[in-house]
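Below you'll find the structure, written out as structure tokens, and then a few comments.
Number of protein chains: 2
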Amino acid sequence: MKPVKVGICGLGTVGGGTFNVLKRNAEEIARRAGRSIVVEAIGARRENPDCDTQGTHITADIFEVARNPEIDIIIELIGGYDTALELVMTAIENGKHVVTANKALIAVHGNEIFAAAQKKNVMVAFEAAVAGGIPVIKAIREGLSGNRINWLAGIINGTGNFILTEMRDKGRDFADVLAEAQALGYAEADPTFDVEGIDAAHKLTILASIAFGIPLQFDKAYTEGISNITAADVQYAEELGYRIKHLGISRRTESGIELRVHPTMIPEKALLANVHGVMNAVLVDGDAVGQTMYYGAGAGAEPTASAVIADVVDVVRMLTADRDNRVPHLAFQPGSLSEMPISPVEEVVSGYYLRLTVNERPGVLAKVASILSESEISINAIVQKETHQQQVPVIILTQDVKEKLMNEAIVKIEALADVNEAVTRIRVEHL
Amino acid sequence: MKPVKVGICGLGTVGGGTFNVLKRNAEEIARRAGRSIVVEAIGARRENPDCDTQGTHITADIFEVARNPEIDIIIELIGGYDTALELVMTAIENGKHVVTANKALIAVHGNEIFAAAQKKNVMVAFEAAVAGGIPVIKAIREGLSGNRINWLAGIINGTGNFILTEMRDKGRDFADVLAEAQALGYAEADPTFDVEGIDAAHKLTILASIAFGIPLQFDKAYTEGISNITAADVQYAEELGYRIKHLGISRRTESGIELRVHPTMIPEKALLANVHGVMNAVLVDGDAVGQTMYYGAGAGAEPTASAVIADVVDVVRMLTADRDNRVPHLAFQPGSLSEMPISPVEEVVSGYYLRLTVNERPGVLAKVASILSESEISINAIVQKETHQQQVPVIILTQDVKEKLMNEAIVKIEALADVNEAVTRIRVEHL
Numbered sequence: 005m006k007p008v009k010v011g012i013c014g015l016g017t018v019g020g021g022t023f024n025v026l027k028r029n030a031e032e033i034a035r036r037a038g039r040s041i042v043v044e045a046i047g048a049r050r051e052n053p054d055c056d057t058q059g060t061h062i063t064a065d066i067f068e069v070a071r072n073p074e075i076d077i078i079i080e081l082i083g084g085y086d087t088a089l090e091l092v093m094t095a096i097e098n099g100k101h102v103v104t105a106n107k108a109l110i111a112v113h114g115n116e117i118f119a120a121a122q123k124k125n126v127m128v129a130f131e132a133a134v135a136g137g138i139p140v141i142k143a144i145r146e147g148l149s150g151n152r153i154n155w156l157a158g159i160i161n162g163t164g165n166f167i168l169t170e171m172r173d174k175g176r177d178f179a180d181v182l183a184e185a186q187a188l189g190y191a192e193a194d195p196t197f198d199v200e201g202i203d204a205a206h207k208l209t210i211l212a213s214i215a216f217g218i219p220l221q222f223d224k225a226y227t228e229g230i231s232n233i234t235a236a237d238v239q240y241a242e243e244l245g246y247r248i249k250h251l252g253i254s255r256r257t258e259s260g261i262e263l264r265v266h267p268t269m270i271p272e273k274a275l276l277a278n279v280h281g282v283m284n285a286v287l288v289d290g291d292a293v294g295q296t297m298y299y300g301a302g303a304g305a306e307p308t309a310s311a312v313i314a315d316v317v318d319v320v321r322m323l324t325a326d327r328d329n330r331v332p333h334l335a336f337q338p339g340s341l342s343e344m345p346i347s348p349v350e351e352v353v354s355g356y357y358l359r360l361t362v363n364e365r366p367g368v369l370a371k372v373a374s375i376l377s378e379s380e381i382s383i384n385a386i387v388q389k390e391t392h393q394q395q396v397p398v399i400i401l402t403q404d405v406k407e408k409l410m411n412e413a414i415v416k417i418e419a420l421a422d423v424n425e426a427v428t429r430i431r432v433e434h435l
Numbered sequence: 005m006k007p008v009k010v011g012i013c014g015l016g017t018v019g020g021g022t023f024n025v026l027k028r029n030a031e032e033i034a035r036r037a038g039r040s041i042v043v044e045a046i047g048a049r050r051e052n053p054d055c056d057t058q059g060t061h062i063t064a065d066i067f068e069v070a071r072n073p074e075i076d077i078i079i080e081l082i083g084g085y086d087t088a089l090e091l092v093m094t095a096i097e098n099g100k101h102v103v104t105a106n107k108a109l110i111a112v113h114g115n116e117i118f119a120a121a122q123k124k125n126v127m128v129a130f131e132a133a134v135a136g137g138i139p140v141i142k143a144i145r146e147g148l149s150g151n152r153i154n155w156l157a158g159i160i161n162g163t164g165n166f167i168l169t170e171m172r173d174k175g176r177d178f179a180d181v182l183a184e185a186q187a188l189g190y191a192e193a194d195p196t197f198d199v200e201g202i203d204a205a206h207k208l209t210i211l212a213s214i215a216f217g218i219p220l221q222f223d224k225a226y227t228e229g230i231s232n233i234t235a236a237d238v239q240y241a242e243e244l245g246y247r248i249k250h251l252g253i254s255r256r257t258e259s260g261i262e263l264r265v266h267p268t269m270i271p272e273k274a275l276l277a278n279v280h281g282v283m284n285a286v287l288v289d290g291d292a293v294g295q296t297m298y299y300g301a302g303a304g305a306e307p308t309a310s311a312v313i314a315d316v317v318d319v320v321r322m323l324t325a326d327r328d329n330r331v332p333h334l335a336f337q338p339g340s341l342s343e344m345p346i347s348p349v350e351e352v353v354s355g356y357y358l359r360l361t362v363n364e365r366p367g368v369l370a371k372v373a374s375i376l377s378e379s380e381i382s383i384n385a386i387v388q389k390e391t392h393q394q395q396v397p398v399i400i401l402t403q404d405v406k407e408k409l410m411n412e413a414i415v416k417i418e419a420l421a422d423v424n425e426a427v428t429r430i431r432v433e434h435l
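As you go down the protein sequences, you meet chains A and X in turn.
In terms of our numbering, the first sequence opens at residue 5 and continues consecutively.
In terms of our numbering, the second sequence opens at residue 5 and continues consecutively.
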């Protein structure tokens, strides 16, 4: 069969990796796909020193690539929102199929992109947008298609997981590890996207849509970062038999879909608790299959390229399929998306780890306990750490409680004269 | 679109689970697939008390189902070799697509089944044949299609993993735990298939084919069971920082493909070492993606049904695709399968754990060490366990060595006058 011609837009880390893997594994890929995949053109402002692009047409004008009549599939790897959106829309307008690794673009503009693609009868594939090289979108969308998904929870930001892993392994503080991660290139100069959970929320938004069949609703995601976690919290969690992970969690409840990214304490024996460093993993609970987990590198040139190329091969396979039989962008047929609302975070039920700083004085613990008791919050453990100072940390582990009730209790606790500083709280999930 | 009509042959554990999940999740599945999946007929010798089959045609003659002109897809869940083969061939002959959970059938007769399917232009899908509900065939075949796979290693028999987990957790002996597993229904009355690694070898044979693009060659698989592992081995492994898992391992080497199932010591921190009880997991190393892992329930009614139904949905999607664009049965195009030989196990390189029973007498350790040294086998650790008996266990951990050299050294060690009983050996992999 005749080769499929692709255009790569963006030749940075992922673009370079994609070019190189397509070239290196050309034969292996053709043995699988039954036809060759040829890079017809590259749109990039500069060369990538890791790539031998000799013999491939390179232009600084990515839109030229998107309009090139020779090209079947546009691979968008420039990142960001505005130009990427314009590029993808131009490609669709020109009847090209699109493969992208851009989580921000899909999470924020996916609904309109998919509608445009539907109209022009082209495919948009985005496996690389979530969890890098792990084929988790394919697993949920196709591999678990017989299930009603109950919930999913994932470590879907490698930078955050690297920081938490280092804090635990070496007893170091957040700021200290972040600086090292930046030096190592694991964290950006502006780490907000990673450490405040925005990147994870982009990915979670996508996972939730394909798991539950709801439109992409990034603006409804609850996002909390890891910058307030101290070395002491990490250690206390450990003493209680837990680990702190920055999880994206989405759960189907009777009243709506939970969509939340926050530091979470999980039992140390849980498989997710043993996913270390920059690795990613997504745990999915389906009504038939039970729990399955998908683990691997969540970022990097070639892991991401692996997902991009798998998408290209998939698109190639579906080129001749009747459009109604293609895998829908969001796993469910566009007309079958559900209107289940995203639940406000106040409705979420979880256990809590609380860390208070109190004056060491008789009766303080009793007052705190009675506030919790009045709010009908059951205490699993309460520990006053010994120090030789006047202010001592108190650690409380609660049973499951609705977030709204916990918020009210915390306001009351913080109002106590002997409680200093804000209460630190970390949600506890037993998964 | 008009519904897809399936026939289920076999209404035991998996057949019953498949019927029930198809019924319970009919709406969710149709929202994804874009059309309904209807059970047109069931072929089964008896009813399943867990299934409400009212309104569905049941016949004791499975071949009637395979020939039913109304049916698009035959789901083979009767298990075993001969009748299953005849059923699948009859279905193919009648132009039906086939979905099966039968690992033995695919591993042993897959090549001829796929050839027949190719000729009749029908699909044969078998996700449920390996690792139950985990979509690992899809992951390797489609999700990692951009990679050259280097190796894979998996816990792919739940019974064996349950036994090893119990031996470790409770310090119990093999025979003892096996009896319990049989009582719990985790192990068959005749446990040979599970504990001797035959079931795992069936699954490994399939995984190796789709990973490396080679024909199915079950007869070349090296198979070693767990019945010789003692509680002491489990404990010594633990003391050395390892765990014993019954792994299926397939690796691409320059001289051929390794295909082997045997007890294996792996570092306790490895994610695979933390897969407990009846759970399954497969670790895959690809040149672009690095390591990814897939975890979940490897057996059971509904987990297996989950994979069966995913296959049905996949077949439905590909019904209208050009046949050359369908996902090939063994991941690689039939004409592109490689002739890489399966390596004899004597060529495999790994570390070794050896347990010797020796007379407590000066110079024994030195003699053993010098035999290993003469074979150029480096020792990582050698420990003589203290007992109050005349015969004491000696534990040796070696560096990587070719199996043939180790075999020769063991023959010499066993010939020593002060070494009693056969040497126990467990391969060590660092994955």
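Every residue gets a Cβ at the ideal spot worked out from N, C-alpha and C, and that includes glycine.
Given the structure is predicted, the values throughout are model-derived calculations rather than measurements.
(message) Is the beta carbon of T60/A closer than 9 angstroms to that of E74/A?
(response) Note that the C-beta distance between E74/A and T60/A is not below 9 angstroms.
(request) Flag M93/X as yes if its beta-carbon sits less than 9 angstroms from any beta-carbon of chain A, otherwise no. (result) Using a Cβ-Cβ cut-off of 9 angstroms, M93/X does not count as an interface residue toward chain A, since no Cβ of chain A sits closer than that to its own.
(request) Please list the partners that R172/A has in chain X, where partner means a Cβ-to-Cβ separation under 8 angstroms. (result) Ordered by position in chain X, no residue passes the 8 angstroms Cβ test against R172/A, which lies about 14 angstroms from the chain.
(message) Across the stretch 138-149 of chain A and the stretch 113-120 of chain A, are there enough close Cβ pairs to call them in contact, namely three or more that are closer than 8 angstroms?
(response) Contact check between the stretch 138-149 of chain A and the stretch 113-120 of chain A: fewer than three CB pairs, one atom from each, fall below 8 angstroms, which does not count as touching.
(message) Let me check understanding here. Comparing Cα to Cα, which of D291/X, S354/X and M297/X lies closest to A274/X?
(response) Restricting attention to D291/X, S354/X and M297/X, the CA atom closest to the CA of A274/X is found in M297/X.
(request) Determine, using beta carbons only, whether Q337/X comes closer than 9 angstroms to chain A. (result) Closer than 9 angstroms: yes.
(request) Evaluate contact between the stretch 148-166 of chain X and the stretch 182-202 of chain X, counting only Cβ atoms and requiring at least three cross-stretch pairs below 8 angstroms. (result) Enough Cβ pairs lie closer than 8 angstroms, so yes.
(request) Anything in chain A within Cβ reach of T324/X, meaning under 7 angstroms, just list it in chain order. (result) The contacting residues are A325, D326 and N329.
(message) I'd like to know if H146/A contacts chain X, where contact means its C-beta is closer than 9 angstroms to some C-beta of that chain.
(response) One detail in the question is off: residue 146/A reads as Glu in this sequence, not His. For E146/A, the answer is yes, since a Cβ of chain X falls inside 9 angstroms of its Cβ.
(message) I'd like to know if V128/X contacts chain A, where contact means its C-beta is closer than 9 angstroms to some C-beta of that chain.
(response) The beta-carbon of V128/X is placed no less than 9 angstroms from the nearest beta-carbon of chain A.
(request) Identify the contact partners of D318/A in chain X, using a Cβ-Cβ distance below 7 angstroms as the criterion. (result) Residues of chain X passing the Cβ test: E146.
(request) Just tell me which of D315/A, I381/A and V423/A has its CA closest to the CA of A397/A. (result) Checking the displayed sequence, the identity of residue 397/A turns out to be Pro instead of Ala. Selected option, being the one with the closest Cα: V423/A.
(message) What does the alpha-carbon distance come out to for the pair L220/A and A111/A?
(response) Our two residues, L220/A and A111/A, have alpha carbons roughly 6 angstroms apart in a direct line.
(message) What residue range does the alpha helix (DSSP H) around M410/X cover?
(response) Looking at the DSSP string, the run of the alpha helix (DSSP H) that includes M410/X is E407 to A419.
(request) Quick one: give me the first and last residue of the alpha helix (DSSP H) that S354/X is part of. (result) Boundaries around S354/X are those of the beta strand (DSSP E), V353 to N363, since no alpha helix (DSSP H) includes it.
(request) Using only alpha-carbon positions, find the residue among V286/X, G260/X and E243/X that is nearest to H250/X. (result) Its Cα nearest to that of H250/X, the residue V286/X stands out among V286/X, G260/X and E243/X.
(request) Could you tell me which of R429/X, N52/X, K9/X and E51/X sits nearest to A241/X, measuring between CA atoms? (result) Among R429/X, N52/X, K9/X and E51/X, the Cα nearest to that of A241/X is on R429/X.
(message) Any contact between the stretch 44-55 of chain X and the stretch 277-294 of chain X? By contact I mean 3 or more CB pairs, one from each, below 8 angstroms.
(response) Taking one beta carbon from each stretch, the stretch 44-55 of chain X and the stretch 277-294 of chain X have fewer than 3 pairs nearer than 8 angstroms; the two do not touch.
(message) According to DSSP, is Y85/X part of a helix, a strand, or is it coil?
(response) Note: Y85/X maps to coil in three-state DSSP.
(request) Would you mind sorting K124/X into buried or exposed? The rule is 16 or more other CB atoms within 10 Å of its CB. (result) Classification of K124/X: exposed, given that the 10 Å Cβ count is below 16.
(request) Put P139/X into one of helix, strand or coil per three-state DSSP. (result) Here P139/X sits in coil by DSSP.
(request) Specify whether the stretch 332-341 of chain X and the stretch 362-378 of chain X touch according to this definition: at least 3 beta carbon pairs, one from each stretch, less than 8 angstroms apart. (result) The stretch 332-341 of chain X, when compared against the stretch 362-378 of chain X, does not touch it at the 8 angstroms Cβ threshold.
(request) Report the option in A105/X, N278/X and K174/X whose CA atom is closest to the CA atom of A88/X. (result) Ranked by Cα distance from A88/X, the options A105/X, N278/X and K174/X are led by A105/X.
(request) Give me the Cα-Cα distance between D107/A and I138/X, rounded to the nearest whole angstrom. (result) Contrary to the premise, residue 107/A reads as Lys rather than Asp in this sequence. Distance between the alpha carbons of K107/A and I138/X: 25 angstroms.
(message) Rounding to the nearest angstrom, what Cα-Cα distance links N363/X and V282/X in this structure?
(response) The alpha-carbon atoms of N363/X and V282/X are separated by roughly 39 angstroms.
(message) I'd like to know if the stretch 405-412 of chain A and the stretch 348-359 of chain A are in contact, where contact means that at least 3 CB-CB pairs between them fall below 8 angstroms.
(response) Flag = yes, the stretch 405-412 of chain A and the stretch 348-359 of chain A touch.
(request) Kindly provide the ranges of any beta strand (DSSP E) runs that are 3 or more residues long and lie completely inside the stretch 124-182 of chain A, ordered along the chain. (result) Qualifying beta strand (DSSP E) stretches, in chain order: 153-159.
(request) Answer yes or no: does any C-beta atom of chain A fall closer than 9 angstroms to that of T209/X? (result) Not a single CB atom of chain A sits nearer than 9 angstroms to the CB of T209/X.
(request) Give a yes or no on whether 9 angstroms exceeds the smallest Cβ distance from T296/X to chain A. (result) T296/X counts as touching chain A.
(message) Check for me: the alpha helix (DSSP H) holding N24/A runs from which residue to which?
(response) Where N24/A is concerned, the enclosing alpha helix (DSSP H) stretches over T17 to R28.
(message) Could you compute how far the alpha carbon of A303/A sits from the alpha carbon of I233/X?
(response) Those two C-alpha atoms are separated by around 40 angstroms.
(request) Indicate whether at least one CB of chain X lies closer than 9 angstroms to the CB of G19/A. (result) Answer no: the Cβ-Cβ gap between G19/A and chain X never drops below 9 angstroms.
(request) Check each candidate in D328/X, T391/X and S310/X and name the one with the smallest Cα separation from G19/X. (result) When each option's Cα is compared against that of G19/X, the closest is S310/X.
(request) Using a threshold of 9 angstroms, state whether the C-beta atoms of V317/X and R36/X are closer than that. (result) Remark: C-beta atoms of V317/X and R36/X approach each other more closely than 9 angstroms.
(message) Can you tell me which residues form a DSSP beta bridge with P271/X?
(response) In DSSP, P271/X forms a bridge with Y246/X.
(message) Closer than 7 angstroms between beta carbons: that is the criterion. Which residues of the stretch 258-276 of chain X meet it against chain A?
(response) For the stretch 258-276 of chain X, which is checked against every Cβ of chain A, the residues closer than 7 angstroms are L275.
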